[in-house]
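*Asks:* Count along the sequence shown starting at 1, add 416, and that's the number in the working numbering. Would you mind keeping the following structure in view while I ask a few things?
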Amino acid sequence: MKITKLTTYIVPPRWLFLKVETDEGIVGWGEPVVEGRALTVEAAVHELEDYLIGKDPFLIEDHWTVMYRGGFYRGGATHMSAISGIDQALWDIKGKALGQPIHSLLGGQLRDRIKVYSWIGGDRPADVANNAKEVVARGFQAIKLNGCEEMQIVDTNEKVEKAVETIAAIREAIGPHIGIGVDFHGRVHKPMAKVLAKELEPYKLMFIEEPVLSENKEALRDIVNHTSTPIALGERLYSRWDFKQVLADGYVDIIQPDLSHAGGITECRKIAAMAEAYDVALAPHCPLGPIALAACLQVDAVSYNAFIQEQSLGIHYNTGNDILDYISNKEVFKYADGFVSIPQDPGLGIEVDEAYVIERAKEGHRWRNPIWRHADGSFAEW
């Protein structure tokens, strides 16, 4: 079997899909994208295409190694996301050719399903609390929300009190046993992260996500001394080498590699195993489409330390299209009692509706991050 063609589709709301074809008619799908940089990653995919055409798609480890090491400059969001989508597609081809789900080729599943959480939003504490109650009523056992608006490096107690008021309202609304993940989204700098972590301690959070930007990870040393809440981080780390120091430092309890950013199935399987050796949990980042989610579930299936999976069904980013729109077997992501089942069909386990992908690619997208500013006019982290 030989790889014959790579085709990319930029589709709403903010995704990039990749189709890899072979001379035996078996097709694999991947989701290589950096949100807000889809065109850049698309170009990187087609640069890697020059090497892949004519190669045996089964030699995934070798192809991954060449795609990563074959350039003098390597790593980072764009390069690793391009590799990620190609890697997902190659695993999809191999699983389909052998008639096995990917997790079977990785040693076999050690769980039948995994807990998922739902994102919630709202402008006021009461609105957020009501949204949380609605999600819990649908069966979810865990939720996540942004913990605050923009914050300057040192900000006011009023901002802190507003954040605490929101979390307090949610905890009161949903009771003591539903998991709450609070995402600081890299908006908070070290001085205020310490304050927020301490003030949120009474609400027994499931985790605090990205309390500081990944490039400021040394600040975690001080933050962990202000809270017993588990610290999660990793959506902006792109390889096992990026995670190496984070794990060695010992300040992170949960890692969140993104299967569309951190080297795909091949690399994230290794990152998960590294984390297990440090007794660190795995919760893959996935505010993306159905291909990315299917890839995450393959790694979740074989990773002992995986405990919860992010998913974007109904998330605020998904305007115009949602994750189920692009697949024919919509029942594959079977949600029940706050869990999603591990896919059992060959490859990624999803049937991409190619005709619909082509139709929506005619519209495409140019999604960009919002640009925020503080009251003094300076740039605010989004």
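For glycine and all other residues, C-beta sits at the position ideal for the given N, C-alpha and C.
1) Give the secondary structure of Gly-597 by DSSP, where H, G and I count as helix, E and B as strand, and everything else as coil.
2) Would you mind listing the alpha helix (DSSP H) stretches within the region 695-751 that are 4+ residues and don't spill past its ends, in chain order?
3) Give the C-beta separation of Glu-767 and Asn-745 to the nearest angstrom, bearing in mind that I take them to be a contact with Cβ-Cβ under 8 Å.
4) Assuming contact is defined by CB atoms lying nearer than 8 Å, are Asn-562 and His-601 in contact in what I supplied?
5) For the pair the region 522-531 and the region 718-730, tell me if three or more CB-CB distances fall below 8 Å.
6) Whole-angstrom Cβ separation of Leu-616 and Val-604, contact assumed at under 8 Å?
7) Could you tell me which of Val-611, Gly-555, Glu-550 sits nearest to Val-576, measuring between CA atoms?
8) Give the DSSP-derived three-state secondary structure of Lys-541 in the structure shown.
9) In the DSSP output, which residue or residues are listed as bridge partners for Lys-403?
10) Kindly provide the ranges of any beta strand (DSSP E) runs that are 3 or more residues long and lie completely inside the region 645-694, ordered along the chain.
11) Which residue's Cα is closest to the Cα of Leu-455: Ile-426, Leu-434, Lys-435?
12) Going by DSSP in three states, Trp-783 sits in which element: helix, strand or coil?
13) Is it true that the CB of Ile-594 sits closer than 8 Å to the CB of Ile-559?
14) Flag this pair as yes or no: are the beta carbons of Ile-707 and Gly-511 separated by less than 8 Å?
15) Could you tell me which residues DSSP pairs with Val-427 in its beta bridges?
16) Mark Ser-794 as exposed unless 16 or more other C-beta atoms lie within 10 angstroms of its C-beta, in which case mark it buried.
17) With Trp-445 as the anchor, note down where its beta strand (DSSP E) starts and where it stops.
18) According to DSSP, simplified to helix, strand and coil, what is Glu-625?
19) Output the residue ranges of the beta strand (DSSP E) runs that lie fully inside the region 437-513 and measure 3 residues or longer, sorted by chain position.
20) Do Arg-656 and Glu-683 have their C-beta atoms closer together than 8 Å?
21) May I have the straight-line CA-CA distance separating Leu-649 from Asp-674, to the nearest angstrom?
22) Identify whether Lys-578 lies in helix, strand or coil by the three-state DSSP scheme.
23) Grab me the residues of His-495's own chain with a C-beta within less than 7 Å of its C-beta, minus the 5 sequence neighbours each way, in chain order.
24) Does Phe-556 pass the burial test, meaning 16 or more other C-beta atoms within 10 Å, or should it be called exposed?
25) Let me confirm a value: Trp-480 is counted as buried when at least 16 other C-beta atoms fall within 10 Å, else exposed. Which label applies?
26) Terminal residues of the continuous beta strand (DSSP E) containing Val-756?
*Replies:* Let's see:
1) strand
2) 706-718
3) 5 Å
4) yes
5) yes
6) Incorrect: roughly 11 Å between the Cβ atoms, too far for contact.
7) Val-611
8) Residue identity differs from the one stated: residue 541 is Pro in this sequence, not Lys. Pro-541: helix per DSSP, three-state reduction.
9) Because residue 403 is not part of the residues shown, which for the chain are 417 to 798, the question remains open.
10) 647-649
11) Ile-426
12) coil
13) yes
14) no
15) Trp-431
16) exposed
17) 443-446
18) strand
19) 443-446
20) yes
21) 11 Å
22) helix
23) Ala-460
24) buried
25) buried
26) 755-757
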